[in-house]
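Reviewing the structure listed below.
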């Protein structure tokens, strides 16, 4: 098995090879679907009783009453105070930068008045209450807490409820510290499909929310899909991806390490490099070989790179942009001297990192933009998580008496054409008799 | 069976009665699911062959080759020219007003530069290609063509592909005229799950799109749900709803007719009136009784009102707003003298119609705002269809050399805390040695 695939865009097999490389289909697991359906049904109908039962069964966490599942605000603050100074400061600086960036995303209410006094517009309001799922165990990332909580609070969400499983009662202080910094209002130690159900339907203890966001395992993802409609949900993420467009000007070691930083997430993660300079591709391959043994997560990186990674020799940077637009990567690094120029050629990507100093890892933690990004080519039609995901709009229509005289006949004509006579009459009733 | 339910918010049973009134669950039909899965699978793997087969089977439309399923631009223009002058003018005026309103919704790219030269922002781009589903038969509404097509074109979608079934080859000239006015680029006479599959996966004839919007029957809805992820989709609409908050100041006939204009859509449509004045509720009930026999769609209206409609006596307008926020109606008419004042108390509604002259029917056709609105309480977390549904965002991150020195240590600290050492190294590689 090679260290990483080498492809050439001029090869006759390139299109087929690229298709194979990108192929990824989220599989649906019937047993997970079945288990989730049952869990959600019980939570909806038995509430706290079922919630306590599942929490004991899956997390080996036994409490007398559901209220004991809540972590108090004081405990969150204590967790923050318990962090080493350097870690706390890094978390605070990240939170501050993320907040500053997201404040640019807030949408405001607007209206305009027409000559006849008719007012049209859009009222923008925050969601009332949002649930934030935070995985337990190894995948408990404090940075994710910040990236999900901060846009919600910037949007003006009144109540942000975090749920996170604590198997065997073990709590993660950095995650709780991030909750304190992110402005989370209440935290409950529940997880899995049962936590999703409790947030969607509400129980005596867990308040029902309007939307559920945050990553989770296959059970959490399946449960979120099932409650969609009862509540809003964010996107269901696929494996993480990085695509690097390079002109060979940055050090090969930087590029290799950026590929690693994606590959270390998961053996299904995808790391691809596009470059018109074959020598540079050789240098990156050599750097991969040299640096890989130094990495604590070398095994995962090796499996990811050999399975789904690729160094692709392209004709030129123009072609690199075209291939990148086809792939619509979650993370795109434009590691070239003319990065700014290439930006106008990039149509589809979750986040675009311009220039050699913009490593993806800076964006993952503290540059400011969100790290929850569209995967699996969905950047063709979707966007990073943002403040806009926690606001919604209502159209405003205030027709003046005079406006009703102009609009009424138009509406009546069109309504009659569609066979909707009450619609027509309703418009005609507003016409002044003269 | 009563003409329409009468409820009182002061009754001890009110909460339970309201819950029963609002109860609606979209049922999942296993046979539809099964049929859709098979249709999508065949379209994905057999392309045009399967598409021709299903179109012959379901629409009794036989053509030699798939290219014969396309309606030319000339035919669209001819359909527009064939309309009676009054109808054409109404359609043109509606299109113009809808366009003007939606131009306010366009989002623009923004960036800001930090003191150390780091640039952060968000690049906003339109979707490349969008599919618009338009039902055939009775539910073929030209107004829906405008409401879906215009925001897509205002967003800058390069190619808008409309599909609409033409059973037995019968085409609806008003729908084709609306396509011409709405700026639709190509039209194909296909429908059902097979049309959704063709748009999602592409065939030799039908180009693959990035998002599919527009209403459809249960097969279309099920197929859209299944292809979600491969492409984006708009919301799946439930039965239409109107809620009217009245202080008794508008004529009872207007209010009754506005209730009808929702009820005539469908026997599952929901029309509810909230008013603190019991006498006025009596007047509206009398108006319903008197006006109902005059309506061409009286049977549907009667079934809708007696099944899911209600006249609710509330304590005051404040309570009316609270109940309305709980219901989060698709259409909300605030038919009061102080409508503008009440607006700040309204948190959840698809469209808010203020004052007695703002009948929902004016908004349905020509006021300007979109008539595709969140139903079934989803206005708590979602918005009217808009230009923003056809644009997506990419984060822009251009870290300067100096910025990398500030951000690198923060990212490295947080990455180490999460056990992601390649992330840390990738940030540290950018630190200047000194």
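Residue numbers (the numbering used here), protein chains in the order written: chain E, 20 to 453; chain W, 20 to 453.
By construction, the Cβ of each residue, glycine as well, lies at the ideal position given by its N, Cα and C atoms.
| Item | Value |
| --- | --- |
| Any Cβ of chain E within less than 7 angstroms of the Cβ of residue 251(W)? | yes |
| Under a CB-based cut-off of 7 angstroms, is residue 446(E) close to chain W? | yes |
| Using the beta-carbon count (16 or more within 10 Å), is residue 122(W) buried or exposed? | exposed |
| Measure from the alpha carbon of residue 314(E) to the alpha carbon of each residue in 36(W), 443(W), 286(W), then state which is nearest. | 443(W) |
| DSSP three-state label for residue 140(E), please. | strand |
| Does residue 47(E) come out as helix, strand or coil in the three-state DSSP assignment? | coil |
| Thinking just about the alpha-carbon of each residue, which of 159(W), 334(W), 212(W) is nearest to the one in residue 60(W)? | 212(W) |
| Could you spell out where the beta strand (DSSP E) holding residue 370(E) opens and where it closes? | 370 to 373 |
| Thinking residue 256(E) and residue 394(E) are a contact (beta carbons under 8 angstroms), I'd like their distance in whole angstroms, please. | 5 angstroms |
| With which residues is residue 412(E) paired in a DSSP beta bridge? | 143(E) |
| Residues of chain E with CB closer than 9 angstroms to the CB of residue 85(W), please, in chain order. | Chain E residues near residue 85(W): none, gap ~23 angstroms exceeds 9 angstroms. |
| Can you confirm whether the segment 218 to 234 of chain E touches the segment 242 to 259 of chain E when touching is taken to mean that 3 or more C-beta pairs between the two stretches lie within less than 8 angstroms? | yes |
| So, residue 284(W) versus residue 259(W), is the Cβ gap smaller than 7 angstroms? | yes |
| What does DSSP give as the partner residue(s) for residue 294(W) in the beta ladder? | 332(W) |
| Would you kindly report the start and end of the unbroken beta strand (DSSP E) that includes residue 279(W)? | Element bounds for residue 279(W): not the beta strand (DSSP E) but the alpha helix (DSSP H), 271 to 282. |
| In the structure shown, what three-state DSSP assignment does residue 179(W) receive? | strand |
| From which residue to which residue does the alpha helix (DSSP H) around residue 120(W) run? | 104 to 122 |
| Measure how close the beta-carbons of residue 151(E) and residue 180(E) come, nearest whole angstrom, since I'm counting them as under 8 angstroms. | 7 angstroms |
| Quick one: what's got a C-beta closer than 7 angstroms to residue 338(W)'s C-beta in the same chain, skipping five residues either side? | 28 |
| Using the Cα positions of residue 265(W) and residue 399(E), report the straight-line distance between them to the nearest angstrom. | 45 angstroms |
| Spell out a yes or no on whether the segment 199 to 212 of chain E and the segment 76 to 91 of chain E are touching, meaning 3 or more CB-CB pairs, one atom from each, closer than 8 angstroms. | yes |
| What three-state label does DSSP hand residue 309(E) in the structure shown? | helix |
| Flag this pair as touching only if the segment 265 to 279 of chain W and the segment 301 to 315 of chain W have three or more C-beta atom pairs under 8 angstroms; answer yes or no. | yes |
| Buried or exposed: which applies to residue 99(E), given that a residue is buried once 16 or more other Cβ atoms fall within 10 Å of its Cβ? | buried |
| Leaving out five residues before and five after residue 391(E) in sequence, what residues of the same chain have Cβ atoms less than 6 angstroms from its Cβ? | 166, 404 |
| Cβ closer than 7 angstroms: which chain E residues qualify as neighbours of residue 191(W)? | Correct list: empty, because the minimum Cβ distance to chain E is about 10 angstroms. |
| Any idea if residue 103(W) is buried or exposed, counting beta-carbon neighbours within 10 angstroms, 16 or more meaning buried? | exposed |
| Assuming the contact rule is C-beta atoms closer than 8 angstroms, residue 410(W) and residue 144(W) should be a hit. Round their C-beta distance to whole Å, please. | 7 angstroms |
| Closest to residue 200(W) by CA distance: which of 359(W), 76(W), 112(W) is it? | 112(W) |
| Between which two residues does the alpha helix (DSSP H) carrying residue 73(E) extend? | 67 to 78 |
| Flag residue 418(W) as yes if its beta-carbon sits less than 7 angstroms from any beta-carbon of chain E, otherwise no. | yes |
| Return the residues of the segment 268 to 301 of chain E that lie within a Cβ-Cβ distance of less than 7 angstroms from chain W, sorted by chain order. | 272, 273, 276, 277, 279, 280, 283 |
| How would you call residue 396(W), buried or exposed, if buried means at least 16 neighbouring beta carbons within 10 angstroms? | buried |
| Would residue 419(W) pass as a contact of residue 137(W) if the rule is Cβ separation under 7 angstroms? | yes |
| According to DSSP, what are the bridge partners of residue 26(E)? | 331(E) |
| Could you run through the segment 335 to 350 of chain W and flag, in chain order, every residue whose CB is less than 8 angstroms away from some CB of chain E? | none |
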